[in-house]
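Okay, so here's the structure we're looking at.
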Amino acid sequence: MESDIYRKIMIATDGSKLSEHAIKYGVELARLGGSKLYAAYVVDTADFASIPMESDAGWETMYSLLKEEGKQATRNVENIADRAGVDVEQVLLEGHPAHEIIEFSSKNDIDIIVMGTHGKSGLNRFILGSVAEKVIRSSTIPVFVVPAPAGQENE
Numbered sequence: 001m002e003s004d005i006y007r008k009i010m011i012a013t014d015g016s017k018l019s020e021h022a023i024k025y026g027v028e029l030a031r032l033g034g035s036k037l038y039a040a041y042v043v044d045t046a047d048f049a050s051i052p053m054e055s056d057a058g059w060e061t062m063y064s065l066l067k068e069e070g071k072q073a074t075r076n077v078e079n080i081a082d083r084a085g086v087d088v089e090q091v092l093l094e095g096h097p098a099h100e101i102i103e104f105s106s107k108n109d110i111d112i113i114v115m116g117t118h119g120k121s122g123l124n125r126f127i128l129g130s131v132a133e134k135v136i137r138s139s140t141i142p143v144f145v146v147p148a149p150a151g152q153e154n155e
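No gaps in the numbering here: position 74 of the sequence shown is 74 in UniProt numbering, and each next residue is one more.
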């Protein structure tokens, strides 16, 4: 059964074990609706911009490692989607995660964003910030946020 509501679905993954819970929901939503699926990972360049490096080679090494992590994360989505018979396009973005997720979804006419949350609250959320919360506040399309399974919130 194809859906006109969610023709294009974006799964934003951070590559964590907890993100697999959200991936499964996103893949199933795409399977049920016959939707086009995008697996997106954002190389958070802000994360390593403030780390002092002794040389440009240090930056290149760090950047390469982060890109490889992103490729592995989107391949994981592709593997799960393949088992469900869903085609997926892997997308590697660079910048601030929330901004890049919103920007990609806007430019590509995405109908819904699926992402996980680690379930952090209180001071942890205040200190660490929340990509999911920023996406929810900035998005003009639905955002399906899948919480971590009970007991695994802070893994």
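Where a beta carbon is used, it is the ideal one built from N, C-alpha and C, also for glycine. Being a predicted model, the structure only gives us computed values, none of them experimental.
Asked: Quick check on Gly116: buried or exposed, where buried means 16 or more other Cβ atoms within 10 Å of its Cβ?; Found: buried
Asked: At which residue ranges does the stretch 31-109 contain complete beta strand (DSSP E) runs of 3 or more residues, listed in the order of the chain?; Found: 36-44, 88-95
Asked: Can you check which of these residues, Ser19, Glu94, Gln90, is closest to Ala46 by C-alpha distance?; Found: Glu94
Asked: If contacts are defined as beta-carbon pairs under 8 Å, then Ala22 and Val146 qualify, I think. What distance do you get, rounded to the angstrom?; Found: 4 Å
Asked: Helix, strand or coil: which one does DSSP assign to Lys17?; Found: coil
Asked: For Ala12, report the span of its beta strand (DSSP E) as first-last.; Found: 8-12
Asked: Strictly by DSSP, which residues pair up with Val27?; Found: Paired residue(s): none; Val27 is not in a bridge.
Asked: If we define contact as Cβ-Cβ less than 8 Å, is Ala84 a contact residue for chain C?; Found: Chain labels in this structure do not include chain C; a single protein chain is all it has.
Asked: Ile136 by DSSP, collapsed to three states: which one?; Found: helix
Asked: Between which two residues does the beta strand (DSSP E) containing Pro147 stretch?; Found: 143-147
Asked: Should the stretch 29-46 be called in touch with the stretch 57-73, which here means at least 3 C-beta pairs below 8 Å?; Found: yes
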